[in-house]
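Trainee:
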Amino acid sequence: NAGVTQTPKFQVLKTGQSMTLQCAQDMNHEYMSWYRQDPGMGLRLIHYSVGAGITDQGEVPNGYNVSRSTTEDFPLRLLSAAPSQTSVYFCASRGLAEPYNEQFFGPGTRLTVL
Amino acid sequence: AQSVSQHNHHVILSEAASLELGCNYSYGGTVNLFWYVQYPGQHLQLLLKYFSGDPLVKGIKGFEAEFIKSKFSFNLRKPSVQWSDTAEYFCAVTTPNDYKLSFGAGTTVTVRA
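Line order of the protein sequences matches chains V and S. For the first sequence, the numbering used here begins at 2 and goes up steadily by one. For the second sequence, the numbering used here begins at 160 and goes up steadily by one.
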């Protein structure tokens with residue numbers, strides 16, 4: 002099992018550009034989520050999904066879109082990048098069958114918006 | 160959403176010293192509690208978790224945490240740290256009917272050889 006994979010690992014964008022951060026998991030997990038990590042602020046939830054076709058907003062959803070067309074994939078789209086979106090982005094997944102399972106995290110994408 | 164407070168932003172220790180990191184949460188009902196570690200340049204890994212039973216939880220790499228319900232706390236401890244414990248440590252909480260994790264701001268631990 003590869004677990005949770007994310008691409009790219011690093012990305013530099015100019016203000017106003019759009020891009021998609023990819024996330025995939027091969028554990029057949031229903032729940033997937035995106036976090037951003039900023040110094041001194043821990044991890045903040047952007048969007049999450051409890052299954053294909055179902056998404057919902059987290060704590061800091063503005064400027065980001067998600068979709069969940071398959072169980073495996075959960076891409077995060079930045080529609081018009083802003084310097085405030087410079088951050089490290091983590092994707093995570095977990096199963097729903099056992100309520101207390103841990104979340105598994107991907108390696109992260111470090112995004113810089115100039 | 161629950162709020163999670165980690166008391167220390169940065170802790171600097173010498174090898175073999177004992178470590179205790181504080182974590183408090185705001186939710187008054189049943190909670191599930193986690194400590195994650197992030198080594199430099201790596202992703203988050205689970206150290207330990209609590210959801211019921213013995214309030215003293217043992218995790219990987221010699222770490223343990225104690226859940227004190229009356230104090231809304233879940234402090235992380237290690238009796239003797241090593242240089243390889245240099246990392247950022249995150250406390251996180253969720254409730255049984257909510258899959259979303261709320262994280263604390265993190266504590267950076269630097270262990271000097």
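All C-beta atoms, glycine included, are put in the ideal place defined by N, C-alpha and C.
(1) Hey, out of S:227, S:168, S:245, whose CA is closest to residue 189 of chain S's CA?
(2) Going by beta carbon distance, what residues of the same chain come within less than 7 Å of residue 17 of chain V, once the five residues before and after it are set aside?
(3) Would DSSP call residue 86 of chain V helix, strand or coil?
(4) 8 Å is my cut-off, CB to CB: does residue 264 of chain S come that close to chain V?
(5) Which residues does DSSP list as the beta-bridge partners of residue 45 of chain V?
(6) Taking only the alpha-carbon atoms, compute the straight-line gap between residue 171 of chain S and residue 204 of chain S and give it to the nearest angstrom.
(7) Just curious, the beta strand (DSSP E) that residue 207 of chain S is in, first and last residue?
(8) Do you know whose CA, among S:253, S:271, S:249, S:258, lies nearest residue 38 of chain V's CA?
(9) Pairing CB atoms from the segment 49-60 of chain V with CB atoms from the segment 20-33 of chain V, are three or more of them under 8 Å?
(10) Note down, in chain order, all residues in the segment 236-264 of chain S with a beta-carbon under 7 Å from any beta-carbon belonging to chain V.
(11) Can you find a C-beta in chain S that's less than 8 Å from the C-beta of residue 103 of chain V?
(12) Just mark residue 88 of chain V as buried or exposed, buried being the case when its beta carbon has 16 or more other beta carbons within 10 Å.
(13) Helix, strand or coil for residue 52 of chain V? Go by DSSP, reduced to three states.
(14) Which residues mark the beginning and the end of the beta strand (DSSP E) in which residue 217 of chain S is found?
(15) Between residue 90 of chain V and residue 110 of chain V, is the Cβ-Cβ spacing less than 8 Å?
(16) Which same chain residues, not among the five before or five after residue 55 of chain V, have their C-beta less than 8 Å away from its C-beta?
(17) Can you give me the start and stop residues for the beta strand (DSSP E) that residue 163 of chain S sits inside?
(18) Between which two residues does the beta strand (DSSP E) containing residue 172 of chain S stretch?
(19) Closer than 8 Å, CB to CB, is residue 230 of chain S near chain V or not?
(20) So which residues of chain S does residue 37 of chain V contact, with C-beta pairs closer than 7 Å?
(21) Buried or exposed, going by whether 16 or more other CB atoms sit within 10 Å of the CB of residue 201 of chain S?
(22) Determine, using beta carbons only, whether residue 236 of chain S and residue 179 of chain S come nearer to each other than 8 Å.
(23) Here's the rule: buried if 16 or more other CB atoms are within 10 angstroms of the residue's CB, otherwise exposed. What is residue 244 of chain S?
Mentor: Reading off the structure:
(1) S:227
(2) 81, 82
(3) helix
(4) yes
(5) V:37
(6) 21 Å
(7) 204-209
(8) S:249
(9) yes
(10) 249, 255, 258, 259, 260, 262, 263, 264
(11) yes
(12) buried
(13) strand
(14) 215-217
(15) yes
(16) 69
(17) 163-165
(18) 169-173
(19) no
(20) In chain order: nothing, as chain S lies at least about 11 Å away.
(21) exposed
(22) yes
(23) buried
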